[in-house]
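Here the structure is laid out as structure tokens; the discussion comes afterwards.
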Amino acid sequence: MLNSDDYDFMWQALNERLQSLELWELPNIVVVLPEGIQHLTSLQQFHIKYCDSLTTIPEWIHNLKSLKRFTLDSCPHLTSFPEGIQSLTSLNKLYIHDCPILLKRCKRITGEDWDKISHIQHVLLHPDPNHEENENSLEPQTNGCNLFNKSWLCNTSKRNHG
Numbered sequence: 048m049l050n051s052d053d054y055d056f057m058w059q060a061l062n063e064r065l066q067s068l069e070l071w072e073l074p075n076i077v078v079v080l081p082e083g084i085q086h087l088t089s090l091q092q093f094h095i096k097y098c099d100s101l102t103t104i105p106e107w108i109h110n111l112k113s114l115k116r117f118t119l120d121s122c123p124h125l126t127s128f129p130e131g132i133q134s135l136t137s138l139n140k141l142y143i144h145d146c147p148i149l150l151k152r153c154k155r156i157t158g159e160d161w162d163k164i165s166h167i168q169h170v171l172l173h174p175d176p177n178h179e180e181n182e183n184s185l186e187p188q189t190n191g192c193n194l195f196n197k198s199w200l201c202n203t204s205k206r207n208h209g
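Residues 48 to 209, numbered by the working numbering, are exactly what the sequence shown covers, in order.
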């Protein structure tokens with residue numbers, strides 16, 4: 048059986064090489080992600096899917112300076128982003144799917160976490176909390192967005208935030 052020092056060594060050994068990490072269906076992640084992930088500073092893509100118990104993205108996410116794409120899919124208890132996500136200047140694609148609490152918090156301008164993610168060039172929210180379910184009632188705030196089967200891919204650098 049591995050102890051926590053062994054896991055830390057494993058994560059640190061992967062640091063130089065690992066560019067993409069996918070965590071799928073990990074029911075034992077109770078609250079937060081394994082701390083060793085913070086050592087993966089060369090990580091460019093990070094996908095977390097079907098982690099039902101995950102409630103928190105840890106503040107150490109800011110250590111993943113090379114991260115370009117971050118996907119959160121079907122993590123229904125995920126509650127918010129940490130302040131540290133704002134310092135990820137390489138992050139240019141954020142995809143959030145079927146994370147209802149987080150989706151509400153990421154609502155453009157009025158969501159509690161919007162300021163934390165507004166620097167990200169492409170934010171894809173599904174279902175999009177910014178719009179009604181009726182496809183025919185497109186609001187003016189969809190400028191700079193493309194509709195993909197009721198998902199919105201928005202280039203936040205081209206939108207008027209006022």
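Ideal placement from N, C-alpha and C gives every residue a C-beta, glycine not left out.
This one's a predicted model, so the numbers in the text were calculated from it and none came from an experiment.
Fill in: Same chain, Cβ closer than 8 Å to aspartate 160, five either side skipped, listed in chain order
Ser127, Phe128, Leu149, Arg152, Cys153
Discussion item. So if DSSP puts threonine 157 in a beta bridge, which residue, or which two residues, is it bridged to?
Written reply: Note: threonine 157 sits in no beta bridge, so no partner.
Discussion item. Using a Cβ-Cβ cutoff of less than 6 Å, which residues in the same chain neighbour leucine 119 once the five nearest sequence positions on both sides are dropped?
Written reply: Ile95, Ile143, Cys146
Worksheet item: Going by other Cβ atoms of all chains shown within 10 Å of its Cβ, with 16 needed for buried, is glutamine 47 buried or exposed?
Response: Given a span of 48 to 209 for the chain in the structure shown, any question on residue 47 remains unanswerable.
Discussion item. To test your reading of the DSSP string, which unbroken beta strand (DSSP E) runs of 3 or more residues are found completely within the segment 90-169?
Written reply: 92-96, 116-120, 140-144
Fill in: Buried or exposed (CB count within 10 angstroms, at least 16 for buried), arginine 155
buried
Worksheet item: Hey, quick one: how far does the beta strand (DSSP E) through leucine 70 stretch, first residue to last?
Response: 67-71
Worksheet item: Tell me which same chain residues have a C-beta within less than 6 Å of the C-beta of glycine 158, skipping the five on either side of it?
Response: Arg152
Discussion item. Can you check which of these residues, Trp107, Cys122, Ser89, is closest to leucine 70 by C-alpha distance?
Written reply: Cys122
Discussion item. Within a Cβ cutoff of 7 Å, which residues of the same chain sit near asparagine 110, ignoring the five residues on either side of it in sequence?
Written reply: Gln85, Thr88
Fill in: serine 134 and leucine 114 closer than 8 Å at C-beta
no
Worksheet item: Using the C-alpha atoms, what's the distance from leucine 172 back to valine 79?
Response: 22 Å
Fill in: glutamate 106 vs glycine 83 beta-carbon contact at 8 Å
no
Worksheet item: Between proline 74 and proline 81, what straight-line distance do the alpha-carbon atoms span, to the nearest angstrom?
Response: 13 Å
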